[in-house]
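The opening position of the sequence shown corresponds to residue 0 in numbering that gives the first Met the number 0, with each subsequent residue numbered one higher.
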Amino acid sequence: MDRSQKADSVAQLNAVFNEVGVVVITRNLGMSVAQSTALRGKIRDAGATYKVAKNSLAKLAIADTDYVGIGDFLTGPTAIATSVDPVAAAKAVVDFAKTTDKIEIVGGSMGSQVLDAAGVKALASMPSLDELRAKLIGLVQAPATKIAQLQTAPAAKLARVFAAYADKAA
């Protein structure tokens, strides 16, 4: 890798760090190609990205971002999982780590908040952004449904009373 390629790589990583909501650092402990491919597919399906980057270049790329605190995690054979959704990357990596012992979650960061491995696992247990939106929509729609039910309830009660009198009279 020559100097211009390194500069391009740092600029690309810096752009990624400025756009994402969460960064998860993992350590590869001898994953096979098939396992690595499966992990990348799982992360891609979650709407996140997974990249193996040189630690020295990644440290240069985080210099002007909120993720400067993760520099200590960038030692050894590491990879970086990122996503705009604050939960997607963490969820995908933690789910994959449950299936194999060939990957270790080192830590991560959500904005300027640095997370250790337990923090990343706790983040993964939270609902995703789409799940939170669905819950919010459900909460907003619930009162409207109840109001509609209350408006039709008196008419239904009157109909049952009239039916009871009609049955009694017959």
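The beta carbon of each residue, even a glycine, is placed where N, CA and C say it ideally should be.
task = Could you spell out the range, first to last residue, of the beta strand (DSSP E) harbouring valine 22?
result = Run containing valine 22: 21-27, per the beta strand (DSSP E) assignment.
inquiry  = Which same chain residues end up closer than 7 angstroms to glycine 75 when comparing Cβ atoms and leaving out the 5 residues on each side of it in sequence?
reply    = Within its own chain, the residues whose Cβ lies closer than 7 angstroms to the Cβ of glycine 75, once the five positions on either side in sequence are excluded, are Arg26, listed in chain order.
Within 7 angstroms, strictly: CB atoms of alanine 87 and glycine 137 = Result no, Cβ atoms of alanine 87 and glycine 137 do not sit closer than 7 angstroms.
query = Which runs of the beta strand (DSSP E) fall wholly inside the stretch 53-132 and span at least 3 residues, in chain order?
reply = List check, beta strand (DSSP E) in window: 77-82, 102-109, 112-115.
query = CB lysine 58 to CB leucine 73, shorter than 7 angstroms?
reply = It is a contact, given that the beta carbons lie within the stated cut-off.
task = Using alpha carbons as the reference points, say which of Ile104, Asp129, Gly20, Glu130 lies closest to valine 119.
result = Its Cα nearest to that of valine 119, the residue Ile104 stands out among Ile104, Asp129, Gly20, Glu130.
query = Can you check whether the CB of lysine 90 is closer than 7 angstroms to the CB of glycine 123?
reply = It should be noted that the sequence gives alanine, not glycine, for residue 123. Against a cut-off of 7 angstroms, the Cβ pair of lysine 90 and alanine 123 comes out as a contact.
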